[in-house]
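Have a look at the structure below before the remarks.
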Amino acid sequence: MALTAVTEGPDPCCGPIAVVGVSGDELCRVSSQQAANVGQLKKIIQELEGTPVTQQWLLVGSRVLLDDDDLPAGSGGEVVIVTLLRAPPPKGVVIKKVTHHSPV
């Protein structure tokens, strides 16, 4: 089930953005009115879907979207499909296993 960000109403100019995984399953849907650029879209995706901004690669077709890029726009309210690729955590992020030792 896809998550949807709440909006004031449909945008007659630019359609919503459907964020899909590589499997094609819709992960969330965002109104193009909610973000001014791709960087802001990534923050909304993190809130709705959970993937940290630093681990998101967004594509339209085969084109990678950069944080400062304008949002892709569909004509006449068409849904724009954006593919989310999840990257591994950035280098320098260490995940430690926590163990509990009982006193002897």
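In the UniProt record's numbering, the protein residues as written are 1 to 104.
Ideal Cβ placement from N, Cα and C applies to all residues, glycine included.
Residue i in three-state terms, based on DSSP
| i | result |
| --- | --- |
| Leu48 | helix |
| Val64 | strand |
| Val6 | With a pLDDT of only 40 at Val6, under 50, the local geometry of the prediction cannot be trusted, and the value read off the model is given with reservation. Reduced to three states, the DSSP call for Val6 is coil. |
| Lys42 | helix |
| Met1 | Note that Met1 scores 47 on pLDDT, short of 50, meaning its location in the model is unreliable and no value can be drawn from it. |
Cross-strand partners of residue i (DSSP beta bridge)
| i | result |
| --- | --- |
| Ala35 | Paired residues: none, contrary to the question. |
| Leu85 | Trp57 |
| Val80 | Ile17 |
| Ser75 | Cys14 |
| Asp70 | Asn37 |
Residue i: first and last residue of the uninterrupted beta strand (DSSP E) it sits in
| i | result |
| --- | --- |
| Val19 | Ile17 to Val20 |
| residue 178 | Outside the displayed range of the chain (1 to 104) lies residue 178, so it cannot be described from this structure. |
Short Cβ contact (8 angstroms threshold) for residue i with residue j
| i | j | result |
| --- | --- | --- |
| Gly21 | Gly74 | no |
| Leu71 | Ala35 | yes |
| Leu41 | Leu59 | no |
| Gln46 | Val53 | yes |
| Glu49 | Leu66 | no |
| Ile44 | Val30 | yes |
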